[in-house]
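In the working numbering, the protein residues as written are 660 to 1430.
Below, the structure written as structure tokens:
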């Protein structure tokens, strides 16, 4: 019960949108999931259908008929022609007979109740898709569309927490959020220049998401009426009117409780047709659910249209944005400025510091956390603007760029952790984590120290066997080095990406050390790959791949290729398994469903089949042929139709992603621009030819393809800010090494032990560079 309570308490709406967004992505989805659970439980656990059978139907005949009538579509037939008469029991005057023509019966078929749970689940997914797109693109926009990404969810969650804390802590946390936004603006200016989407990406993406909500509601509204077989767009209004006027389902035919089921049974070579009257109890729930959904979708269409129009107006018309910031600033205590000077600075403040995305975030924070937090954020940003552009001061407290780092992290509150970081929680819960270079180095020093003290005691008491000390110390060094190199013998992409993601949420002191640790770990792993030597022709190819610095990248591309191969094989096997007569099985199934072609004609997942079996009676072999109902095929049809389309979509996306990674991996120009963009943030490089050559040497001799690949993965998962820190740290280490080069190592005899003179053509490259 505690697990259930914990799960229910975790189900809550996110604060990365307004109330209309939560109506679409949270409340509608929760309602649809609840309806799905109710209908599924009644349909597959209870008794969704009951029928009136003749007296000669016994035992398994009744069970067979019930299963058949549920999986086969029944049809509705009123009891009488005219309207409800005063004498309810007078049904003899004008009863309606069962039609003799099969076409007339097929025209009255009701075939939606088997699909209701699956349709409700699919509609719930469709209402969540716009929100998933919104969160994915605004968080990982740097890797997808080459624009700086701002995690709107993170900022809105932080402001919701800040709203409930004391004023002093709230002020500090507001300053942290303002620094985060300021860093994003600096990255957008230095990484990507003044492109069209810079400063308008988040707001434009939000408007697109609003449009997707509106389109989704309209499409779901229209598909609902097609699914229910409505003759016009006023189905819900007519059903509501009939309920208000007291008209029952016996007259209207909307979600009828009593239907007629026809089924055929083969007996002695003859085909016998039976018609039974059934009660669809599930339609009692379906009527309320779909009537509610019809009106709910109509309300969502109106609300989404108004919300989209209002956001378009406030984001596209600058007058409303200027008025919002002016109202916030007028409530704050600032020295009076002349009107023209104030208006000029206000527009300059909105152009350089806020932009459209900043104003959008302030409006979103105001919708979720109130005007108090928004006003404090404007106050903090305005003070930073004054210190930067009006007073022209460059103190560390308000400077977004400093010579020591890509942006200011010298202040004690310059980052934005409010809750304990994931790394801290993980270390508290599980102290035995994977060894990193700092742990290995500390273990090495500790072992050296302990052994030295121990050997001093031994050698002081016994002045003999002095060589024993050196021997044991050598053994300890070898042991610790083996532990140290076991941590470095391979590039753990998952570990490096996790460390980089955790670094982005740390306080300034820990963050600076951790950035240095991650950068050092990346550099040492890349250097270790360069120093690898081959011992045989069989594994030489892999070792040379590591030596060239392309092993991890090639392995990643190979895994991508395996993904493509797997999904294509699964697609072909599924298509072959479901029926070789169709090349594109999923398209044909949808076409059959669109044209009303049932399983009796197509043969796809038939509900009624024949079974032959032999029985020995008194030494004789009797063959029996019975007619069976396969209820499981009702589920198989939906499951395999979903899988077919899912494999198709996954294969297309995987192929496009595979070619994208090939392009960015092979193109040296793409790698150069990727690294140089991050280096320009710190203003430590220029466009001069020596600087460009130095960057090329940095790419060729330090990063190489695997290093650039790791930085791309970090940018995709951890964002631009931490990637900028890592590139800056790697660049500083490289410049420091160029300033104080390592003396060249003389080659040993082992370097020349080859079977042939040209077996090791890379020996000269293994000597550390001194230029």
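The C-beta atom is built at its ideal place from N, Cα and C for all residues, glycine as well.
Asked	Found
Fully enclosed by the segment 896 to 976, which beta strand (DSSP E) runs are 3 residues long or longer?	917 to 926, 929 to 939
In terms of DSSP beta bridges, what is residue 1282 paired with?	1273
Per DSSP, what kind of secondary structure is residue 1289 in: helix, strand or coil?	coil
CB-CB under 6 Å to residue 946, same chain, minus the five flanking residues each way: which ones, in chain order?	914
Give the range of the alpha helix (DSSP H) segment to which residue 1041 is assigned.	1030 to 1044
Tell me which residues share the same chain as residue 1230 and place their Cβ nearer than 7 Å to its Cβ, disregarding the 5 neighbours each side in the sequence.	1306, 1307, 1310
Quick check on the DSSP output: the beta strand (DSSP E) that includes residue 757 runs from which residue to which?	Taken as a continuous stretch (DSSP letters only), residue 757 belongs to no beta strand (DSSP E), as it is neither H nor E.
Given this structure, state the Cα-to-Cα distance separating residue 1431 from residue 1180, to the nearest angstrom.	Not covered by the structure: residue 1431. The range shown for the chain is 660 to 1430.
Round the Cβ separation of residue 1287 and residue 935 to the nearest angstrom and send it over; I've been treating them as touching at under 8 Å.	Between residue 935 and residue 1287 the Cβ distance is about 18 Å, and since that is not below 8 Å, they are no contact.
Measure from the alpha carbon of residue 870 to the alpha carbon of each residue in 959, 941, 1243, 930, then state which is nearest.	959
Out of 1213, 1339, 792, 762, state which residue places its alpha-carbon closest to the alpha-carbon of residue 684.	792
Is there contact here, the segment 698 to 717 with the segment 972 to 980, by at least three beta-carbon pairs under 8 Å?	no
Alpha carbon to alpha carbon, how far is residue 1385 from residue 1338?	10 Å
Let's test the definition: count the other Cβ atoms within 10 Å of the Cβ of residue 676 and tell me whether it reaches 16, buried, or not, exposed.	buried
According to DSSP, is residue 774 helix, strand or coil?	coil
By a C-beta neighbour count over all protein chains shown, 10 Å radius and 16 as the cutoff for buried, is residue 731 buried or exposed?	buried
Among 986, 859, 862, 879, which one has its Cα closest to the Cα of residue 957?	879
What's the gap between the Cα of residue 989 and the Cα of residue 1371?	44 Å
Span of the alpha helix (DSSP H) holding residue 1012?	It is not in any alpha helix (DSSP H) - residue 1012 carries neither H nor E in the DSSP assignment.
When you compare the CB positions of residue 1018 and residue 983, do they come within less than 8 Å of one another, or not?	yes
Could you name the residues of the same chain whose beta carbon sits closer than 7 Å to that of residue 775, not counting the 5 residues immediately before and after it, in chain order?	698, 945
Which first and last residues belong to the beta strand (DSSP E) in which residue 731 is found?	No beta strand (DSSP E) holds residue 731; DSSP gives it neither H nor E.
With the cut-off set at 8 Å, would you say residue 932 and residue 923 are in Cβ contact?	yes
For the segment 688 to 698 against the segment 764 to 783, are there 3 or more C-beta pairs whose distance is under 8 Å?	yes
Here's a check: name, in chain order, each residue in its chain whose Cβ is nearer than 6 Å to the Cβ of residue 1035, leaving out the five neighbours to either side.	833
Select from 837, 734, 1013, 886 the residue whose C-alpha is nearest the C-alpha of residue 920.	734
For the alpha helix (DSSP H) containing residue 859, name the first residue and the last one.	First-last for residue 859: undefined, no H or E at that position.
For residue 1212, name the three-state secondary structure that DSSP assigns.	helix
Quick one: grab the DSSP three-state call for residue 991.	coil
Around the C-beta of residue 903, are 16 or more other C-beta atoms found within 10 angstroms, so that it is buried, or is it exposed?	exposed
Around the C-beta of residue 860, are 16 or more other C-beta atoms found within 10 angstroms, so that it is buried, or is it exposed?	buried
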